[in-house]
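Below: the structure, in structure tokens.
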Amino acid sequence: MESDGLKRSEASRLYELDRTHWLHPQGDLDAPAGSVPQLIFAGGRGATLTDIDGRDYIDGMASLWNVNVGYGRTVLADAAAEQMKALAFSSAYGGFGTAPAIQLATKLAELAPGDLEVTYFASGGAEANDTAYKIARLYWKLRGEPGRVNIVSRIRDYHGLTYGATSATGLANFWKGFEPLAPGFLHAPSPDPYRYSGEGSAGAGYVQALEQVVLDAGPQTVAAVVVEPVQGAGGVIVPPNDYFPLLRKLCDKYGLLLIADEVITGFGRTGRWFGMENWNVNADLMIFAKGVTSGYLPLSGVMLTHAIHDTLKSVKGPFAHGFTYSGHPTACAVGLRNLQIIEEERLVERVAENGAHLQRRLQELRSHEIVGDVRGLGLIAGVEFVRDRESKQLFDPVSGVARRVWLAAMESGVIFRPLGGDVIATSPPFVITIKEIDRLVEVLDAAISTVSKQLKSHA
Ligand SMILES: Cc1ncc(COP(=O)(O)O)c(C=O)c1O
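Quick note: the sequence shown uses this note's numbering, first residue -17, plus one each step.
Below, the structure written as structure tokens:
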């Protein structure tokens, strides 16, 4: 095995240098040494990642819900190399541009649902979120309603970790220590059909709860509502079917812009090109990132309707927003080639088919007493652990069941992701095979059995 990987001594040195010199994103800084699995990846092919010790893992997370076309796509490397050799980078400020960015913006207009026709490019999902919030505020100023500044987001939604996006994110663990948050962000409850106990439809109940937040603030102070079509990091929660149509109506009633954060759900993850298409609901602004390049290069953006674009054109002077890497030509060339792969290999259809298999197989996990809920759409799913099915009460956080299941599955060569609320998530590359899906579910099943036994023996 060692011949496939680095020599043992080189590998140990890398592990040590990593601990000494790299402050990792979302790193477990206070974790005792050795308690956090340290993996250094060196290669990948399809849905499989290989670490520097030569060990293979089925990547049940497509890294960070993003390597959708899978690892090892040399055509994407070729697209990058070709563009880099011609022109790696040049400014996109003002009237400057490059063919790949123009072509990608045009392609996105063709793919995106509803009236989303114009793209602003950025590099990461959080930057794109901040951009969307700034555009929403500017839009209302230009429309003569400068009081509309509040952005309503939802508890447990994740929008990234720049300051604006952190403030929109509805997960308090991302606020702690970094306060004060940016002003003008309000948080409403988000749908949780598994725990809904109100009267009538869960979708209507949760839209009413959001309406209350709008009414409390005063509708004339609200610029936009931002939503994840399927909540990812907050626990993989699929809303009830009536939720988004009702939310669209609510936005229309008060004149609020609806912003869809499709950073995870965009480009096929749910079995449709875009998540909101599952409910035939059109957004006014759409945020995308991850899947646009399948992570081969950083690229994100915000799509806007012509109506919003036309309003922005009334700004006096330049549009005072921009990043050096907005419309990066090499990233855009890779994005174009990646979308071509998704189309040519009919990967969205494949997600719908293989996703249905994944969802069906995961339902088998309900045979475990500690599994409270199993949910998902396409190739994104979550399994929620509970102490007691009747009350849906969670285990105390110290038990960290999802975390333990994650560790046990990793031992068996499958990578999942533990989320707050004791949920284990999966979101594999679109190219995962049925055989690999079966193995993924079997490993998860065995990991849950192992942890169930541990919990019983400590009870
Ligand atoms: C729904 C959603 N929005 C925004 C982001 C932030 O993207 P980035 O980490 O590229 O800034 C993420 C990242 O996981 C996400 O899942």
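We treat Cβ as the ideally placed atom computed from N, Cα and C, and that holds for glycine.
Item	Value
Neighbourhood of A10 by C-beta distance below 7 Å, restricted to the same chain and skipping five residues each side	Correcting the residue identity first, residue 10 is Asp in this sequence and not Ala. Excluding residues within five positions, the ones whose Cβ falls inside 7 Å are V18.
Residue closest to P201, alpha-carbon to alpha-carbon, out of E210, I133, L153	I133
Delimiting residues of the alpha helix (DSSP H) encompassing Y278	Unbroken run through Y278: none, as it is neither H nor E.
Buried versus exposed, by CB contacts within 10 Å (16 or more), W122	buried
Residue range of the unbroken beta strand (DSSP E) whose run includes I133	132 to 136
Supposed contact pair A271 and G107 - C-beta distance, whole angstroms, cut 8 Å	4 Å
Three-state secondary structure (DSSP) of E366	strand
Check whether R230 and G360 have beta carbons under 8 Å apart	no
Closer than 7 Å: Y140 CB and nearest ligand 1 heavy atom	yes
Nearest neighbour of D404, chosen from R369, M392, K417, D420 [CA to CA]	R369
Boundaries of the beta strand (DSSP E) in which T80 is found, first to last residue	First-last for T80: undefined, no H or E at that position.
G106 CB to nearest heavy atom of ligand 1 below 7 Å	yes
N-terminal and C-terminal residue of the beta strand (DSSP E) that I241 is part of	239 to 243
Runs of beta strand (DSSP E) lying entirely within the stretch 88 to 114, each at least 3 residues, in chain order	98 to 104
Opposing strand residues paired with Q213 [DSSP bridges]	I219
Beta carbon of M268 nearer than 8 Å to that of A94	yes
Spatially closest choice to I416 from V333, S373, I406, G358, by CA coordinates	V333
Closer than 7 Å: V245 CB and nearest ligand 1 heavy atom	yes
Limits of the alpha helix (DSSP H) - the one that A191 falls within	184 to 199
C-beta atoms of P410 and A384 nearer than 8 Å	no
A205 and R138 closer than 8 Å at C-beta	no
For H310, the three-state DSSP class (helix, strand or coil)	coil
Any non-hydrogen atom of ligand 1 closer than 7 Å to E210 Cβ	yes
F301 (DSSP reduced to helix, strand or coil)	coil
Element boundaries [beta strand (DSSP E), containing R27]	23 to 27
Alpha carbon of T113 to alpha carbon of S373, nearest angstrom	41 Å
Reduced DSSP category for Y225 - H, G, I as helix; E, B as strand; rest coil	helix
Contact test: S276 Cβ vs ligand 1 heavy atom, cutoff 7 Å	no
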